[in-house]
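Engineer:
In the working numbering, the protein residues as written are 669 to 922.
(1) Considering only the alpha carbon of each residue, which of 876, 737 and 864 lies closest to residue 794?
(2) Opposite residue 848 in the DSSP bridges: which residues?
(3) Could you tell me which residues DSSP puts in a beta bridge with residue 767?
(4) How do the region 779-788 and the region 809-817 stand: do at least 3 beta-carbon pairs fall below 8 Å, yes or no?
(5) Does the Cβ-Cβ distance between residue 868 and residue 788 come in under 9 Å?
(6) Taking the alpha-carbon positions, what's the residue 885 to residue 710 distance?
(7) Using the C-alpha atoms, what's the distance from residue 881 back to residue 827?
(8) Suppose only complete runs of 4+ residues qualify. What are the alpha helix (DSSP H) ranges in the region 860-915, listed by chain order?
(9) When you compare the region 835-854 with the region 796-803, are there three or more beta-carbon pairs, one atom per stretch, that lie closer than 8 Å?
(10) Give the straight-line distance between the Cα atoms of residue 876 and residue 802, rounded to the nearest whole angstrom.
(11) Hey, is the region 839-847 in contact with the region 893-905, meaning 3+ C-beta pairs nearer than 8 Å?
(12) Whole-angstrom Cβ separation of residue 734 and residue 887, contact assumed at under 8 Å?
(13) Is residue 715 helix, strand or coil when you go by DSSP?
(14) Below 6 Å CB to CB, which residues in the same chain sit around residue 832 once its five sequence neighbours on both sides are set aside?
(15) If you measure between the beta carbons of residue 821 and residue 903, is that distance less than 9 Å?
(16) For residue 772, is the beta carbon positioned less than 8 Å from some heavy atom of the ligand GDP?
(17) Would you mind stating whether residue 837 and residue 906 have Cβ atoms separated by less than 9 Å?
(18) Indicate the three-state DSSP secondary structure (helix, strand or coil) for residue 775 in the structure shown.
(19) Given that a residue counts as buried once 16 or more other Cβ atoms are within 10 Å of its Cβ, and exposed if not, what is residue 715?
(20) If the criterion is Cβ atoms closer than 9 Å, does the pair residue 768 and residue 814 meet it?
(21) Distance, Cα to Cα, residue 804 vs residue 901?
Shown next as structure tokens:
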């Protein structure tokens with residue numbers, strides 16, 4: 669009888685131990701998995717280029733500017749820098765130090781921003797057209813295509829703000845024009861652009877389209893005759909000032 673009780677007791681004890689082990693295993697397996705890596709949400713600042721409010725058509729002499737020149741667009745390359753969004757409380761949120769844009773190259777028409785920004789309401793986009801004096805130093809950009817924007821050392825060095833090029837028709841012939849702007853002899857020909865906008869960020873990302881109306885470079889307040897810049901304008905500070913003053917209404921939020 670004692671032997672039976674002893675065996676029964678050992679059986680019960682074994683059963684309890686096995687139950688505890690199984691329960692423990694089940695509990696361990698039911699523990700939540702470690703938190704996944706944070707999801708990176710890409711944002712985009714997209715650049716669109718227009719003439720007379722229509723998408724630019726390259727290499728076709730079909731446009732007429734304020735002065736009356738018939739012209740084409742072949743090249744649009746430029747920098748914007750110190751790009752920030754302004755929150756509804758006035759705080760600035762940094763987006764990018766410098767962005768290089770080439771209107772003909774798909775890889776340089778949209779800027780992907782991988783760092784998330786703070787959620788909330790935003791009321792303004794601000795940036796410098798060109799590069800300010802701190803950034804515009806020869807050697808800042810060592811890789812192509814940014815490096816190809818270098819401004820001649822004999823004119824102060826640094827980088828072009830913009831290369832806008834094309835052809836114009838005059839008396840049945842077609843001539844090239846170079847509408848180039850930059851830091852001639854270290855003059856501060858860059859300027860700040862401030863564009864009102866209204867959007868809310870709820871997941872740390874944004875998708876904003878920034879337009880350029882190319883016609884506005886040639887008018888308001890200064891009307892450009894393209895025949896006067898067929899030999900270039902890089903060495904003419906007066907014309908650099910005229911371009912700067914024309915640039916304040918070139919950009920818009922689409």
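Even for Gly, the Cβ is constructed at its ideal location relative to N, Cα and C.
Computed from a predicted structure; not experimentally measured.
Structural biologist: On the basis of the data shown:
(1) Here the question's residue 794 lines up with position 126 in the chain shown. For residue 794, the nearest C-alpha among the options comes from 864.
(2) For the purposes of this step, residue 848 is taken as residue 180 along the chain shown, with counting starting at 1. Paired residues: 831.
(3) The count along the chain shown starts at 1 and reaches residue 767 at position 99. Residue 767 pairs with 748.
(4) no
(5) Here residue 868 refers to the residue found at position 200 of the chain shown. Here residue 788 refers to the residue found at position 120 of the chain shown. Yes, these two residues count as a Cβ contact at 9 Å.
(6) In the chain shown, counting from the first residue as 1, residue 885 sits at position 217. In the chain shown, counting from the first residue as 1, residue 710 sits at position 42. In a straight line, the C-alpha of residue 885 is about 32 Å away from that of residue 710.
(7) Translated into the one-based positions of the chain shown, residue 827 becomes position 159. Translated into the one-based positions of the chain shown, residue 881 becomes position 213. Taking the straight line from one Cα to the other gives about 23 Å.
(8) 905-914
(9) yes
(10) Locating residue 876 in the chain shown gives position 208, counting from the first residue. Locating residue 802 in the chain shown gives position 134, counting from the first residue. Taking the straight line joining both Cα atoms gives about 27 Å.
(11) yes
(12) Position 66 of the chain shown, counted from the first residue, corresponds to residue 734. Position 219 of the chain shown, counted from the first residue, corresponds to residue 887. Sure, about 4 Å apart at Cβ, within 8 Å.
(13) In the chain shown, the residue the question calls residue 715 occupies position 47. Reduced to three states, the DSSP call for residue 715 is strand.
(14) The residue you call residue 832 lines up with position 164 of the chain shown. 744 and 847.
(15) Translated into the one-based positions of the chain shown, residue 821 becomes position 153. Translated into the one-based positions of the chain shown, residue 903 becomes position 235. Cβ distance not < 9 Å, so residue 821 and residue 903 don't count as in contact.
(16) Although the ligand GDP was asked about, the structure shown includes no ligands whatsoever.
(17) The count along the chain shown starts at 1 and reaches residue 837 at position 169. The count along the chain shown starts at 1 and reaches residue 906 at position 238. Not a contact, by the Cβ cut-off of 9 Å.
(18) Position 107 of the chain shown holds residue 775. In this structure, residue 775 counts as helix in the three-state DSSP scheme.
(19) Within the chain shown, residue 715 is the residue found at index 47, counting from 1. Residue 715 is buried by the Cβ-count criterion.
(20) Walking along the chain shown from the start, residue 768 turns up at place 100. Walking along the chain shown from the start, residue 814 turns up at place 146. Going by C-beta atoms, residue 768 is nearer than 9 Å to residue 814.
(21) By one-based count along the chain shown, residue 804 stands at place 136. By one-based count along the chain shown, residue 901 stands at place 233. Using only the alpha carbons, I get a separation of about 19 Å.
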